[in-house]
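**Q** Chains as they are written, first to last, in my numbering: chain A, 1265 to 1940; chain B, 1265 to 1940; chain C, 1265 to 1940. What follows is a structure written as structure tokens; I'll ask about it next.
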Amino acid sequence: MINSPKIRKIVYGGDYNPEQWPEEVWHEDMRLFKEAGVDIVTLNVFSWAMLQPSEDEYDFSTLDRIMELVKENGLFVCMATSTAAHPAWMAKRHPDITRVESNGMKRSFGARHNSCPNSPTYRKYAPELARRLAERYKGFDNIVAWHVSNEFGGECYCENCAKAFREWVKSRYGTIEEVNRAWNTAFWSHTFYDFDEIVPADLRSEEFSWDGQLRTNFQGISLDYRRFLSDSMLECFKLERDELKKITPDIPVTTNLMGWYKPLDYKKWADEMDFVSWDNYPNYDSGPAYPAAVHDTMRGFKGGQPFCLMEQSPSVSNWHIYCKLKRPGVMRLWSWQAVAHGADTVMFFQMRRSIGACEKYHSALIDHAGRNDTRVFKEMAALGAELKKIGGQTLGTRIKADIAIVFDWENWWAAELSAGPSRLINYCSEVSSYYNALFSRNIAVDFIAPDGDMSKYKLVIAPLLYMNHEGYDERVREYVKGGGTYITTYFSGWVDDNDLVLPGGYPGKQKDILGIWVEESDALPEGEENSFIYKGTEYPAGTLCDIMHPEGAREIAVYEREFYSGTPVLTVNDFGSGRASYVGCHSNDAFYAAYLSDICAELGIEPVLDTPQDVEVTRRENDEYSFLFVLNHKDEKSEVRLREGGTDILTDKVYGSGDLLPLNRKGVAIIRTEKK
Amino acid sequence: MINSPKIRKIVYGGDYNPEQWPEEVWHEDMRLFKEAGVDIVTLNVFSWAMLQPSEDEYDFSTLDRIMELVKENGLFVCMATSTAAHPAWMAKRHPDITRVESNGMKRSFGARHNSCPNSPTYRKYAPELARRLAERYKGFDNIVAWHVSNEFGGECYCENCAKAFREWVKSRYGTIEEVNRAWNTAFWSHTFYDFDEIVPADLRSEEFSWDGQLRTNFQGISLDYRRFLSDSMLECFKLERDELKKITPDIPVTTNLMGWYKPLDYKKWADEMDFVSWDNYPNYDSGPAYPAAVHDTMRGFKGGQPFCLMEQSPSVSNWHIYCKLKRPGVMRLWSWQAVAHGADTVMFFQMRRSIGACEKYHSALIDHAGRNDTRVFKEMAALGAELKKIGGQTLGTRIKADIAIVFDWENWWAAELSAGPSRLINYCSEVSSYYNALFSRNIAVDFIAPDGDMSKYKLVIAPLLYMNHEGYDERVREYVKGGGTYITTYFSGWVDDNDLVLPGGYPGKQKDILGIWVEESDALPEGEENSFIYKGTEYPAGTLCDIMHPEGAREIAVYEREFYSGTPVLTVNDFGSGRASYVGCHSNDAFYAAYLSDICAELGIEPVLDTPQDVEVTRRENDEYSFLFVLNHKDEKSEVRLREGGTDILTDKVYGSGDLLPLNRKGVAIIRTEKK
Amino acid sequence: MINSPKIRKIVYGGDYNPEQWPEEVWHEDMRLFKEAGVDIVTLNVFSWAMLQPSEDEYDFSTLDRIMELVKENGLFVCMATSTAAHPAWMAKRHPDITRVESNGMKRSFGARHNSCPNSPTYRKYAPELARRLAERYKGFDNIVAWHVSNEFGGECYCENCAKAFREWVKSRYGTIEEVNRAWNTAFWSHTFYDFDEIVPADLRSEEFSWDGQLRTNFQGISLDYRRFLSDSMLECFKLERDELKKITPDIPVTTNLMGWYKPLDYKKWADEMDFVSWDNYPNYDSGPAYPAAVHDTMRGFKGGQPFCLMEQSPSVSNWHIYCKLKRPGVMRLWSWQAVAHGADTVMFFQMRRSIGACEKYHSALIDHAGRNDTRVFKEMAALGAELKKIGGQTLGTRIKADIAIVFDWENWWAAELSAGPSRLINYCSEVSSYYNALFSRNIAVDFIAPDGDMSKYKLVIAPLLYMNHEGYDERVREYVKGGGTYITTYFSGWVDDNDLVLPGGYPGKQKDILGIWVEESDALPEGEENSFIYKGTEYPAGTLCDIMHPEGAREIAVYEREFYSGTPVLTVNDFGSGRASYVGCHSNDAFYAAYLSDICAELGIEPVLDTPQDVEVTRRENDEYSFLFVLNHKDEKSEVRLREGGTDILTDKVYGSGDLLPLNRKGVAIIRTEKK
């Protein structure tokens, strides 16, 4: 689907479950798909019970008919392996397949994403089903991707997981002595003498709820259990992928990610996937910056390669507590926003709305009314036509960014499990503070992992990067020495990979780079704040106020209140040919906008275009063309002045350099400019 | 107790537990009962452990003495079967009798209402105890009713329940194929191949908590588990009832219901009871409309036949989080309100306040002080005298209503389990919106089940009737065709008995009757609202705003805002000789008052009497007399102008037509008028 | 440590865990301890896993080296027994040692304070370890106390506890008949025929959550299970203590209490301890009165004997949801506050901050930076010098109080488990209302148990003393008859030791003393209030408004509103040579201040000194000297006028009678005055 030679345009379609409907409906679906410009369907996501009615029996007859039908109708297929929900008979006959919750509650049968990742039954039957699917449908050349399982996630704490965890720990640390060191088990008499004494970190052992947040007594164990669960599920993915690859080595394999989904270390996952795909379900009031940030995160997993927008909702998502309708134009606008950030597909959950069970009030191309004259159908058909019109022009184009934000799952876990200094510590929110300031100015951002290549960027920002992975400070040191600009914040660089504090004062190994020593950090309760003046304007300081001693760095701003009034809150340190800045507290959006604007200006980092508020612009390009995506998120008309001329490929209108581009409410334009 | 030839007045008394006290206290109780005008006691509600000290041993000696004593003292007995709390030895010896909670937690021994309804032990010993009680006390002709168990309720998810559930499912659906269809198991790979694969819908399978509300992944399974639990407990009721009937066929059998108690489908229960009885415990701030609505619901179960007010509190209820005292006059006022809505008894929990365990701070006729000069005792004695004074005049009288509200337990479950479109969906609150508008105008209302007889009514209102039971639309169609007026609302008629969406657009099979098609429904978050103008006044529109297309109906009002501004929110459709109105959103009390007043005026439906706010009036009547109950819920005096003359049977004062009837603070009058 | 002849000054130091660090760090620690004036360390708190690596193996080698080192460095040792967290191998090999939660969740291994108090394994190995420690280190004459386990607490509901509970019940009540009487099991068919039928009061039996509060169906059983758990843990303490005493009879034994910690009946515990020690961790916003009240409670356990401040934090406590720094001066101020209220030690958790697991962000003398120039280190070193300077002058001095407040754990449990009349019933908050009024006026208060000696006091206050322990009313009667003044409040004296209501009207057996009968109590919801006028000022009345009949008492104030307007809310009764006052509701701080000031004035009870608001003064004294502790809790400077002259032993400044004593922000002075 991504980089496939078969695909010549942005594919359009999504999840389709004909097995839930009588066959006469299928033909009506084909007719409506054509009308809407649908050219791809994701099939077979939840059919395990149908495909394998019992231990040794497989029945592909219905799927055969579906496959024939969609092929006849010229549809591409994104082929799922159906292993995201096991059959009821399997749960009954092999109870090891169901999960155990953190409090020890053994699940019976139900829901989905319900298989223990270390269940021998699951690990036997899931790859087996993948293998049989590949074997049976390898001849269908309209299959453009394998979609393994669906939205991997959740947790298990069963005895099989406990055993596998012990093996995982053994393989990570080698000796029990090293485990004791890494987890600091001398604390609270936790010394283990044998791997068999280790138990999962859960509500029965180290974890508990505290003021509504999950806490742990042993960060090291809890961190490793999260790593282990993410790895366990990734192994399940790999088991299926490997079976598929053996038979259809040329069909790319993916699984649909869920954006900033905390439990799984998606960077590690993406490394095992042929291309990245994800499901975008922002809340009705989330604003455009949040999905933009997540799109950029997904794009970053494979160094900027386009990704697949696998799911979004045509209108409402049933699980939101208020299923507010997507307003007219929003579905189209958000579809183009995905493309503007690097998506090469526009896909949905779902093609036809089911009549029973919990997703029946999730929107679909074909509603319960079954009509082609609904608002949603008409909007989708119009988008389908638009996609047909522009064809493959933008496929494979890339985004160029001068700025990278470091984003790290393990740090996310560690920072929020740390047991102090504040319940307000919120990793994604801190990352968003920095991202949003750049987003609002249309400055392109890449997301990289802590071990990502910094050398390509003029500026690297690492908000709240509490965990200094082994070697991370060294990479930053080289980057800054070599002329890079680095910004990091309060509660960064305190600990190693095991959440062990790096001794000698905060921020551990980064003190020399930043030219500071943080002696104390004052956690201000919700509603309390300190303040500082930056370039003549006063901004709030809160969450954590670092009290620091410059050791080489220059003060940019100082606290105005409290006993540490007059001590620095913002610093910059010249280091090698570059410089390293430190933001010692959480502040507000106005501050991040001002601060990052100044730094961008100094570094010569320019916006793609200056626009009115809530008009977003991105640029995708290849060797020949640049495509300017202009997205009006406002509820009224707007306009932007173009720097370069070009053609709006949606309307064929031609604009000259300096022309005003008019935008409807929720309007979109894509200005193609030929490169000189 | 209801329709009993032995009973010549409104019986007065309630729960009495002498077995908790030394025998010398019993005689003091008899003296005080006489002083207070008590003539009935409910005995033996929680004595199982006393009556059956071990597996094969029964000991009725204490109960024998109690029965002799109350008989000597001329008291009627409402005789409970004591099966609402099993003995500790039974829980120890037969653990199957204790329940398992939704999360799998096995209960030990404790509390009450603690027996698994599918426990073989419970189903053996409970009817056995009922049989022995009937056998032993059949000679007591002062027993006027059997009171089976007590406040049936709660839930169980044990293995015995799981087995019984499978049988229940089999008996409902016949084949596993039909189960799969009804539950739409093709969704999420839930296909069952054998009944044995089915498990209870609970926290271990399909259910979970979401933003503080219980949700389910499979509405069909969860709905059926609720049906099953209600039926299981009803079977327990019937097992006891049948034993009692064998021995004392002439003593009516009841069990005390709890009003709008969600877990049990009380309409189905009422069909198995000889008369309806219930326990009325409004919160201190609930206002008079809520208990009125519930009284009317209870009265509706048996087509308007009087019911028994089995319990209410003399003053505080211990389980309220603030045990605010019932103000002077309130106990009397609320007692008469029950009668005004169809009760033929005035009974209380409890006669003497216990000294230990959790109900010791629940109020009683005889307080811990043991005195006859407490405020509560004096108020109760005064009411006792009043009841004696009026005698049996009102017994058996009926209320006549031109309006019916459809109320349905299964719909309640389904609408609130639906997984979208809004967490604000609240069935009882929507029903109350319509009821309260009529209540505040003293317009009589009956409650009927969806299969109830509509033909008697000029107006039938079905608020938020999400579930269109098989055949329901056909009954509505006939009713409206025949000249009836029908009102229904947003989120009505969407699904069938299994919560499967009725295809072809909302509201499914009722589209022709209502003359509309609802394309989309916009769930507005708490605090957001749209608006519309009805007869010159602007009203809010919220919760769910249906966006609809008239297909024959006339617009009465349209939305004022949002992209669906100008589209209809209120419609009316002429259909046959009648008409069907649709209210496409939730609005406010002022709207419901205005709208229903207009409709009542058009239909010639008149208030019993026009009164100042918070003065309630109802009418009960028989062939000879009409009794006007006038209830002043205000904290100050009031007065009402009588349309017809008559005699206040509480004071013997005579009023002429058009006279002003003065009312004290919390005052009551009952004006008897002879029919011409 | 307390009353030890070896100790000549206020010892200074705290918890020290060198076993968590490489040995080279130990020597650096010794150097820094000297610099900070540390002279005592608490060792070996969490080393069980290190000391006992397996079933039959013990290894004291590391502890030996630590003991040698601290001895060489002249440090006293408070020697812990390490039994507060069992080893992982023990949990694996002997699962009986881990706890079961109230919902039946069996814990695996983790956290601390994790041993079931009735585990045979725990009861075998814990005393065994204590014995071996005593045997091995008995020769170290720098051991000044044994510190058994650590912060005993928590709960267990396992089968071993159930068995032990049955034995406990048997031993308390003798016969099953007496159990049935005490628990009022005739209610809800709870009659037990055999002790084996009894189960723990937990979420599986009688308890449940109600509006966020824990409730029970059977107060008697729940109360006894709390008694039993407190006793079970106390037995564990005694098992260790007895082993220690056999070998080192002269070393006093303690365990660190946690102030107003609800689960354990600390008065009973204190009776088994050689001296009282406790851990003081107020929240950043708790204000000075709360720790003062708890200090006074701790001091009261042993009739005013000085106690040990075992733990406090140098700055932040990691488990607070916002780890706000202790402001400069606060650590010193709060240390002196402890001394001012009777502490003879100033000790901390912890000496060196650990690098891993959940307490790594708890403050320490030696921070992660490992430096002696941090703010915290410098403040602590300054305090160390101060303590050295004043030496042993204040050791053993006592506080004299004319007022006692009755504080009772069992009453705390009972009042808050009572199931009505109001969720606002809060024992500690009511006690604090009275305490704070006296605290704010610098009037000394002792805390006594209900069976404490009242005769020493001019005034005894028993706020919300719901439970009238057997004989309590008799002691009050004698006290008041003999001339004492007694104040009690609403919801006092209602029940006996088993939460059985004392019949005949509230407050049961105290009616004659108070000269009143309370007929009803009106629980006002949060936000609602009544009012009364006391000496010309109007005050609010809320939570519970008792409606009472004077039976000898005089009215002091009456309600102004509601149907009980004009009835008494404050009364006083002359009884014998004394008088008994009753406060029939909860009011506000202004009322308590006014009311208690008047009573103190009448009784000739004087403040230690009149001071500006938030400047606290206490007096400790011995036969020769009086020490006036002056503590400025304000954020600005202040001053107080001295009544008597003396020398500030912190500064050696001499003040004459009537002089102004200046105080810095958070400043402290200790004025020594020689007795004439």
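Even glycine gets a Cβ: it sits at the ideal position worked out from N, Cα and C. A quick note: this is a predicted structure, and the numbers were derived from the prediction, not measured.
Which residues share a DSSP beta bridge with S1890 of chain C?
**A** For S1890 of chain C, which the question treats as bridged, DSSP gives the partners C:E1885, C:T1937.
**Q** How many angstroms separate the CA atom of L1728 of chain B from the CA atom of S1785 of chain B?
**A** Their backbone Cα atoms lie some 14 Å apart in a straight line.
**Q** Bridge partners of Q1774 of chain B, per DSSP?
**A** DSSP output for Q1774 of chain B lists no bridge partner at all.
**Q** CB-CB under 6 Å to D1488 of chain B, same chain, minus the five flanking residues each way: which ones, in chain order?
**A** If we look at D1488 of chain B and ignore the five residues flanking it on each side, it has no Cβ neighbours.
**Q** What are the uninterrupted segments assigned as beta strand (DSSP E) that are 3 or more residues long and contained completely in the segment 1520-1579 of chain A, given in chain order?
**A** With a minimum length of 3 residues, the continuous beta strand (DSSP E) runs that stay inside the segment 1520-1579 of chain A are 1541-1543, 1572-1575.
**Q** Measure how close the beta-carbons of R1468 of chain C and K1356 of chain B come, nearest whole angstrom, since I'm counting them as under 8 Å.
**A** Not really, about 13 Å apart at Cβ, beyond 8 Å.
**Q** With H, G and I counted as helix, E and B as strand and the rest as coil, what does DSSP make of S1954 of chain C?
**A** Residue 1954 of chain C lies beyond the range of chain C shown here (1265 to 1940); nothing can be said about it.
**Q** Quick one: which chain B residues come within Cβ less than 8 Å of T1480 of chain C?
**A** Result: C1622.
**Q** How about H1584 of chain A: is its C-beta nearer than 8 Å to some C-beta of chain C?
**A** For H1584 of chain A, the answer is no, since every Cβ of chain C falls outside 8 Å of its Cβ.
**Q** At 3 residues or longer, what runs of the beta strand (DSSP E) sit wholly inside the segment 1628-1699 of chain B?
**A** DSSP runs (the beta strand (DSSP E)) wholly in the segment 1628-1699 of chain B: 1667-1670.
**Q** Considering only residues of the same chain and omitting the five flanking positions on each side of Y1530 of chain C, which have a CB-CB separation below 6 Å?
**A** The residues are L1521.
**Q** Rank C:H1350, C:A1556, C:R1295 by C-alpha distance to the C-alpha of Y1380 of chain C and give the top, closest one.
**A** Position check: residue 1380 of chain C holds Cys in this sequence, whereas Tyr was assumed. Cα-wise, what sits closest to C1380 of chain C is C:H1350.
**Q** Would you say S1682 of chain A lies against chain C (beta-carbon separation less than 8 Å)?
**A** Judged by the 8 Å Cβ criterion, S1682 of chain A is in contact with chain C.
**Q** Which residue or residues does DSSP assign as beta-bridge partners of F1796 of chain B?
**A** According to DSSP, F1796 of chain B bridges with B:Y1803, B:Y1823.
**Q** At the 8 Å Cβ level, is D1460 of chain C part of the contact set with chain B, yes or no?
**A** Output row for D1460 of chain C: interface = yes.
**Q** Do N1481 of chain B and A1621 of chain A have their CB atoms nearer than 8 Å?
**A** Against a cut-off of 8 Å, the Cβ pair of A1621 of chain A and N1481 of chain B comes out as a contact.
**Q** Tell me which same chain residues have a C-beta within less than 8 Å of the C-beta of A1553 of chain C, skipping the five on either side of it?
**A** Around A1553 of chain C: S1696, Y1699, N1700, F1703, S1704.
**Q** Tell whether a beta-carbon distance below 8 Å holds between A1604 of chain A and K1566 of chain A.
**A** Taking 8 Å as the Cβ cut-off, A1604 of chain A and K1566 of chain A do not qualify as a contacting pair.
**Q** Reducing DSSP to helix, strand and coil, say where Y1401 of chain A ends up.
**A** The answer is helix: DSSP assigns Y1401 of chain A an H, G or I state.
**Q** Could you say if the segment 1765-1784 of chain B and the segment 1864-1883 of chain B meet the contact criterion of at least three C-beta pairs nearer than 8 Å?
**A** The segment 1765-1784 of chain B is not in contact with the segment 1864-1883 of chain B.
**Q** Within the 8 Å Cβ cut-off, does C1587 of chain A reach chain B?
**A** Output row for C1587 of chain A: interface = yes.
**Q** Any idea which residues DSSP pairs T1911 of chain C with across the strands?
**A** Note: T1911 of chain C sits in a beta bridge opposite C:V1918, C:R1936.
**Q** Taking any Cβ of chain A, which residues in the segment 1647-1674 of chain B have a Cβ under 7 Å from it, in chain order?
**A** Flagged: no residues at all.
**Q** With a threshold of 7 Å on Cβ separation, who are the neighbours of S1486 of chain A within its own chain once the five nearest residues in sequence on each side are excluded?
**A** Excluding positions up to five away in sequence, the list reads A1465, E1470, E1471, T1480, L1681.
**Q** In chain order, what residues of the same chain have a beta carbon less than 7 Å from the beta carbon of F1324 of chain A, not counting five sequence neighbours either side?
**A** Excluding residues within five positions, the ones whose Cβ falls inside 7 Å are L1315, R1400.
**Q** Compute the Euclidean distance between the alpha carbons of D1916 of chain A and K1298 of chain A, then round it to the nearest angstrom.
**A** Roughly 24 Å between the two C-alpha positions.
**Q** Considering Cα atoms alone, identify which of C:I1585, C:I1689, C:Q1569, C:M1718 is closest to T1658 of chain C.
**A** The shortest C-alpha separation from T1658 of chain C is found at C:Q1569.
**Q** If you compare alpha carbons, which of C:A1857, C:A1446, C:D1303, C:T1362 is closest to C1422 of chain C?
**A** Selected option, being the one with the closest Cα: C:T1362.
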